[in-house]
Amino acid sequence: MTSLKIYNSMSRKEEEFKPREPNKVSIYACGLTAQGPPHIGHIRGAIVFDIIRRWFIELGYDVEMVQNFTDIDDKIIAKADTEGLSSEDVAKKYSTAYLTVLDKLNILPIHWCRVTEEMDSIIEMVATLIDKGHAYAVDGDVYFKVSSFKDYGKLSGRNIEDVRSGYRIEVDERKQNAEDFALWKSAKPGEPSWASPWGPGRPGWHIECSAMSLKYLGKDFDIHAGGNDLIFPHHENEIAQSEAYLDSEFAKYWVHWGSVTLGKEKMSKSLGNFFTAEEILAEFDPDVLRMFLISTDYRSPVDFSRERLAQTSTAVARIKNAYTRVKSVIGDAQSDPDTAYWGKFSDAMNYDFNTSAAIGVMFEVVSEINKSIDDTSADNAVTASLCAALVKMADTLGFMNLFSDTVKIDNDLSADLIQAAIRWRQIARETKNWAISDAIRDDLKALNISLQDGANGTTWKIETQ
RNA sequence: GGCGCCAUACCCAAGUGGCUAAGGGAGCGGUCUGCAAAACCGCGAUCACCGGUUCGAUUCCGGUUGGCGCCUCCA
0 MTSLKIYNSM SRKEEEFKPR EPNKVSIYAC GLTAQGPPHI GHIRGAIVFD
50 IIRRWFIELG YDVEMVQNFT DIDDKIIAKA DTEGLSSEDV AKKYSTAYLT
100 VLDKLNILPI HWCRVTEEMD SIIEMVATLI DKGHAYAVDG DVYFKVSSFK
150 DYGKLSGRNI EDVRSGYRIE VDERKQNAED FALWKSAKPG EPSWASPWGP
200 GRPGWHIECS AMSLKYLGKD FDIHAGGNDL IFPHHENEIA QSEAYLDSEF
250 AKYWVHWGSV TLGKEKMSKS LGNFFTAEEI LAEFDPDVLR MFLISTDYRS
300 PVDFSRERLA QTSTAVARIK NAYTRVKSVI GDAQSDPDTA YWGKFSDAMN
350 YDFNTSAAIG VMFEVVSEIN KSIDDTSADN AVTASLCAAL VKMADTLGFM
400 NLFSDTVKID NDLSADLIQA AIRWRQIARE TKNWAISDAI RDDLKALNIS
450 LQDGANGTTW KIETQ
């Protein structure tokens, strides 16, 4: 088997994946701040790490997958004011919305953690950083002293001077240097707060991910993932505080996915140019959304539009059509997946999860299947192995509905009745009784069953949507 | 200004120095067909531009042009 290559943002190269422990992989993916409905950009992240994870499972790894919710921060407090809810309820509302969407999208279960439930480990980490001289407390706030960490900027390619000169917002004068960032923020009157050695307050944004990933995955865990907009400052700061705390390496591989754009401009909550996952899923099948988002390399930006999603629907229908047609030829014949195509698919996935190429292979299989349907001399055993390869590929990529409708009815009396109707219609056709022939087809159509006449006989499929 | 990423056909998009530059959508022509739908066959790319390295560059290096992201909160 060829080895798995992963693009590591730290080295900016594809590297051979070597797990910390044999056959085990630990992944931490930065989650979201639960302050608004999840949009397509969030969904892309979820689907990217879901596919990475499914491929590790396919390769035989035990996968430990942790993701966080930021359930307390400035924006949540602000949102609580405008919505007339508590911060806690705001966080609960939007984290639940995200979980609901993940469920619809067939995302594998995740080990969730939440900032408000991890205060002890966060406070311990901040205290240790102060003890080690990497942080200082001022008036109830705690800041990380960036100049105390030699490697600062190694992920994003910046140095401290770059960061200082690029600093555009007003600098809090209590900070020793502009680039220092908050580990702990004191609470203003009326704000939710937690007790700490520096007074009541809440964690800064970056410390939570360090504390939670280290708590659940341990030092030197395998993969730290997130959107590429998190590289600076979030991941850079995580590295600084974590490696200063550990005196050793934090995570081994850094995986960053690209943004979703709208008219080439990044979709984001602050710009307001986003589609929510909910509204898109009301219009399109989850498999169509998944297919759309993974037909571009995960590291590149992907431009979102309903037109492109509609094109993807057509492409998805091609796969469904091939499957339903071939099923009515080969029936339930079981077979091992075709090794040549599966090998090609694996090679694609093993090279930094090249889903675009992998999907290309799926369509090559679809094409082969379609040819075999019209070819009366085709070997059904070969066709069945192509079909098995297609199903395995779709499962591996996390598609859920491509084949389910047919499978459901295949095991039912209905399938036999449909076949009977097709025979009656064939008799009508042979006697050129088009009225009866079309009536049968129309009646089945009313039941969402469509018929297709081919050189090799008539096939049927369930119409979805 | 600093730090990065990107440029492949009408649109989307893969491409790990050498083999016909994958695949999807749209289009055009044909086959099959009572009609319909689906499918099949055929048609299409001097790989943004200019240099360099190499026997050989879409691929590596430098520059130019154009686009995008991060440097405030972002997935």
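Going by numbering that gives the first Met the number 0, 432 is the number at position 433 of the first sequence; the sequence numbering is gapless. Don't be surprised by glycine CBs; every beta carbon is placed ideally from N, CA and C.
Item	Value
Integer Cβ distance of Ala33 from Ala90, believed to fall under 8 Å	4 Å
Boundaries (first-last residue) of the beta strand (DSSP E) holding Glu13	Lys12 to Glu15
Contact set for Ile222: own chain, Cβ-Cβ below 6 Å, skip 5 residues either direction	Ile26, Tyr252 and Val254
Thr313 classed as buried or exposed, judged by whether at least 16 other C-beta atoms fall within 10 angstroms	exposed
Delimiting residues of the alpha helix (DSSP H) encompassing Trp433	Trp433 to Ala445
Contacts around Ser192, its chain only, beta-carbon distance under 7 Å, and the 5 residues preceding and following it disregarded	Ala186, Pro199, Gly200 and Arg201
Closest Cα partner of Leu245 within the set Thr311, Gly257, Leu213 and Leu280	Leu213
Delimiting residues of the alpha helix (DSSP H) encompassing Arg157	That residue, Arg157, is in no alpha helix (DSSP H); it is neither H nor E in DSSP.
Three-way DSSP call (helix, strand, coil) for Ala28 in this model	strand
Three or more C-beta pairs below 8 Å linking the stretch 92-101 and the stretch 150-167	no
Simplified DSSP state of Ser449, which is helix, strand or coil	strand
Whether Leu466 touches Ile206 by CB criterion (8 Å)	A query on residue 466 cannot be resolved here, the shown segment of the chain reaching from 0 to 464 and no further.
Opposing strand residues paired with Ser185 [DSSP bridges]	Gly200
Beta-carbon proximity list for Asp219, same chain, < 8 Å, skipping 5 on both sides	Arg19, Ser247, Glu248, Phe249, Ala250 and Lys251
Distance between Asn379 and Val328 (C-alpha atoms, nearest Å)	8 Å
Pairwise C-alpha distance: Leu412 and Leu3	45 Å
Under the three-state DSSP convention, the category Val406 falls into	Residue placement at Val406 is poorly supported in this model, since its pLDDT is 43, which falls under 50; the coordinates still yield a value, given next. Val406 falls in the helix class under three-state DSSP.
Residue from Lys326, Ala126 and Asp335 whose Cα sits closest to the Cα of Ile368	Lys326
Member of Ser449, Thr430, Phe68 and Asn432 whose CA lies at the smallest distance from the CA of Met211	Phe68
Beta-carbon proximity list for Ala383, same chain, < 8 Å, skipping 5 on both sides	Ile329, Ala332, Gln333 and Ser334
Given Asp504 as reference, the closest of Trp54, Lys12, Ser8 and Ser258 once Cα atoms are compared	Summary: the structure shown does not reach residue 504, with the chain confined to residues 0 through 464, and so no result is reported for it.
Separation of Asp140 from Asp70, as counted between CA atoms	20 Å
Test item: CB-CB of Thr458 and Thr323 under 8 Å	yes
Neighbourhood of Cys386 by C-beta, 8 Å cutoff - its chain only, sequence neighbours within 5 removed	Tyr322, Val325, Lys326, Ile329, Ser334 and Ile368
Check whether Met399 and Pro285 have beta carbons under 8 Å apart	yes
Opening and closing residue of the alpha helix (DSSP H) in which Phe231 lies	Note, Phe231: premise wrong, no alpha helix (DSSP H); not H, not E.
Rounded distance between the beta-carbons of Asp442 and Ser355, thought under 8 Å	Not really, about 42 Å apart at Cβ, beyond 8 Å.
Euclidean distance between Cα positions of Met124 and Gly225	22 Å
DSSP three-state assignment for Arg113, whether helix, strand or coil	strand
In chain order, each alpha helix (DSSP H) run of at least 4 residues that lies wholly inside the stretch 69-96	73-82
Pairwise C-alpha distance: Glu63 and Met348	20 Å
Beta-carbon proximity of Phe148 to Ala134, cut-off 8 Å	no
Backbone secondary structure at Gly342 - three-state DSSP	helix
CB contact flag (Ile5, Gln66, <8 Å)	no
Integer Cβ distance of Ile76 from Glu190, believed to fall under 8 Å	6 Å
Identity of the residues DSSP links to Met64 by a beta bridge	Ile26
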